[in-house]
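To convert, count from 1 in the sequence shown and add 108; that's the numbering used here.
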Amino acid sequence: MRDASPETDIAVVGAGIVGVACALQLARQGRRVLLIDRQPPGHGASYGNAGHLATEQVFPIADLSILKRLPRMLLDPMGPLRLDWKYLPKALPWFTRLLLNLRPAPFQRSVAGIRALNEGSLGAWQRLLGSIGHSDLFKEDGSLLVFERAESRPALEALRARMQQQTVPVEFWSADAVRMAAPQLSPSLLGGLFFPRTGHFIDPYQVVCKLFEAARASGVRFVQAQVGGGRLNADGVQLSSDQGMFNARQVLISCGAHSAQLTAALTGKRVPLDTERGYHLMLPGEQQRLPFAVTSLERKFIMTPMAEGLRLAGTVEFAGLEAPPSMQRAWQLHRLSKGLFQHDLSAEGATPWMGFRPSLPDSLPVIDRVCDGRVLLAFGHQHLGLTQAAVTAEWVGGLAEGSSGMGAYRLDRF
109 MRDASPETDI AVVGAGIVGV ACALQLARQG RRVLLIDRQP PGHGASYGNA GHLATEQVFP
169 IADLSILKRL PRMLLDPMGP LRLDWKYLPK ALPWFTRLLL NLRPAPFQRS VAGIRALNEG
229 SLGAWQRLLG SIGHSDLFKE DGSLLVFERA ESRPALEALR ARMQQQTVPV EFWSADAVRM
289 AAPQLSPSLL GGLFFPRTGH FIDPYQVVCK LFEAARASGV RFVQAQVGGG RLNADGVQLS
349 SDQGMFNARQ VLISCGAHSA QLTAALTGKR VPLDTERGYH LMLPGEQQRL PFAVTSLERK
409 FIMTPMAEGL RLAGTVEFAG LEAPPSMQRA WQLHRLSKGL FQHDLSAEGA TPWMGFRPSL
469 PDSLPVIDRV CDGRVLLAFG HQHLGLTQAA VTAEWVGGLA EGSSGMGAYR LDRF
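Written as structure tokens, this is what we have:
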């Protein structure tokens, strides 16, 4: 048995971008931190995300317009949204909650909650990367949403108006402006929306690695173990794992799509957490194609330039945590890129990947302090885990010091 109680103030379960950032924050506040994950740090969803600091994405993952598009989207196995019909019975309660959250009042609460996190994200990342001497891992160079068809212009203009209402900095770019900024894109593009207060990470995995190095230098210990459950006791929390028992005064649950079981074991609260399986295709020979992240309005995927190549990312698949990946969805991203450039992208040496986005039906994460402060929670960031990781860590630091959770992100909202 491992007895960590004399050494551990807080056990952080989950070594993705959120967990590692929180572990570093807590260690800097003087806490003795034990970080636990079944994989090495950064090997889950944090390894293969799109690398885009998506502060402009202030709207929930779905709105009422999806109801019209849903049947066609679900019938297309390579479309931007796929539901494995074998998984439907398990997913149905989650989708029911999602639909209820599309009503005006809850939808606006979600928008306000996402916006509050996103508005603090850029500054938080600048502070965090600067504090570890690795500001070079992030480029604050904006991002671009392009469109190809004239009939798409009204939707683009409507999106621009909605974003302006939410005070998101956005500029309309003509076709000439797009060509000037990204000359390798196809001349058939008609224009787009540019978001100046966004940017991209040149290597998301290295971001986790460098934060982990800083965390270890600050005293954070790491154990590779599979946490299977736990219970509260008079001294704090006891966690059970395949490597024995761990005791700590507090625990932070930040293990992404795997957070629901441990949350239920410790708090008695069932969280409606599901997973959106996301895919990417890494093109190693295409580092120089784009100056910043570019998203296609019609094709619904993103292309981000990184140190090791151009990452094509996107698609949403609901099939749970157990089904094998459908890597043809990753390769479909290369097919989607055809026609967006003057010369097609090379797929030579390309590598596909799949990961799990932890999503709640109101599109907001859980960031909270419960069970008399013995349990802290930071999970469910859906597509915005990378974007919101640094600001979440700052908020978790406050929770660890005794501040109460905010209503929009509290566990008891379910």
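Think of the CB as a built atom: it goes at the ideal place given N, C-alpha and C, for glycine as much as any other residue.
Quick one: give me the first and last residue of the alpha helix (DSSP H) that LEU370 is part of.
-> For LEU370, the enclosing alpha helix (DSSP H) begins and ends at 367-375.
May I ask you to report which of helix, strand or coil DSSP gives PHE167?
-> In the three-state reduction of the DSSP assignment, PHE167 falls in the coil class.
Strand pairing of ALA401, partner residues [DSSP] = DSSP, once it has assigned bridges, lists SER251 as partnering ALA401.
Label ALA266 either buried or exposed according to how many other C-beta atoms from any shown protein chain fall within 10 Å of its C-beta, with 16 as the threshold for buried.
-> With a 10 Å radius around the Cβ and a threshold of 16 neighbouring Cβ atoms, ALA266 comes out exposed.
Would you report the Cα separation of PHE522 and GLU456, rounded to the nearest angstrom?
-> Using only the alpha carbons, I get a separation of about 47 Å.
For my contact list, ARG482 and GLN358 are in at a C-beta cut-off of 8 Å; report their separation, rounded to the angstrom.
-> The beta carbons of ARG482 and GLN358 sit about 6 Å from each other, so the pair counts as a contact at 8 Å.
List the whole-angstrom C-beta distance separating LEU391 from LEU429, where the pair is believed to meet the contact cut-off of C-beta under 8 Å.
-> In this structure LEU391 is not in contact with LEU429, their Cβ atoms being roughly 28 Å apart against a cut-off of 8 Å.
Is it true that the CB of GLU384 sits closer than 9 Å to the CB of GLN490?
-> Cβ distance < 9 Å, so GLN490 and GLU384 count as in contact.
If you drop the 5 nearest sequence neighbours on each side, which residues of the same chain put their C-beta closer than 7 Å to that of TRP233?
-> Sequence-distant Cβ neighbours of TRP233 in its own chain, meaning closer than 7 Å and more than five residues away, are LEU161, PHE246, ALA498.
DSSP on PRO460, reduced to helix/strand/coil?
-> PRO460 falls in the strand class under three-state DSSP.
Outcome for GLU115 when other beta-carbon atoms lying within 10 angstroms are tallied against a minimum of 16 = By the C-beta density criterion, GLU115 is exposed, having fewer than 16 other C-beta atoms within 10 angstroms.
Thinking C-beta only, is PHE354 closer than 9 Å to GLY152?
-> One thing to note: GLY152 has its Cβ no nearer than 9 Å to the Cβ of PHE354.
Tell me, please, whether the region 221-230 touches the region 282-289 by the rule of three or more beta-carbon pairs shorter than 8 Å.
-> The way I'd put it, the region 221-230 doesn't touch the region 282-289; fewer than three beta-carbon pairs between them come closer than 8 Å.
Who are ASP476's beta bridge partners in DSSP?
-> Under DSSP, ASP476 forms a beta bridge with LEU485.
Within 9 Å, strictly: CB atoms of GLN332 and ARG140 | In this structure, ARG140 does not lie closer than 9 Å to GLN332 by Cβ.
Would you report the Cα separation of PRO185 and TYR387, rounded to the nearest angstrom?
-> Distance between the alpha carbons of PRO185 and TYR387 is about 14 Å.
Minimum length 4: unbroken alpha helix (DSSP H) runs contained in the region 416-469 | 436-445, all fully within the region 416-469.
Which first and last residues belong to the beta strand (DSSP E) in which LEU143 is found?
-> The continuous beta strand (DSSP E) containing LEU143 extends over residues 141-145.
Within the chosen definition, does the region 163-178 reach the region 199-213 through at least 3 CB pairs nearer than 8 Å?
-> The region 163-178 vs the region 199-213: in contact.
Can you pull the DSSP bridge partners for ARG339?
-> Per DSSP, GLN346.
Output the distance between the C-alpha atoms of ARG110 and SER243, rounded to the nearest integer angstrom.
-> With a pLDDT of 46 at ARG110, under the threshold of 50, the modelled position of that residue is not reliable, and the figure given next carries that caveat. The straight-line gap from Cα to Cα measures roughly 38 Å.
Leaving out five residues before and five after GLY417 in sequence, what residues of the same chain have Cβ atoms less than 7 Å from its Cβ?
-> Shown here for GLY417: same chain residues with a beta carbon closer than 7 Å to its own, the five before and five after excluded, namely MET390, LEU391, PRO392, GLY393, GLU394, GLN395 in chain order.
Among residues of its own chain, excluding the 5 on either side of ARG449, which ones have a beta-carbon nearer than 8 Å to its beta-carbon?
-> The sequence given here places Phe at residue 449; Arg does not occur at that position. The residues are GLN292, LEU293, SER294, ARG397.
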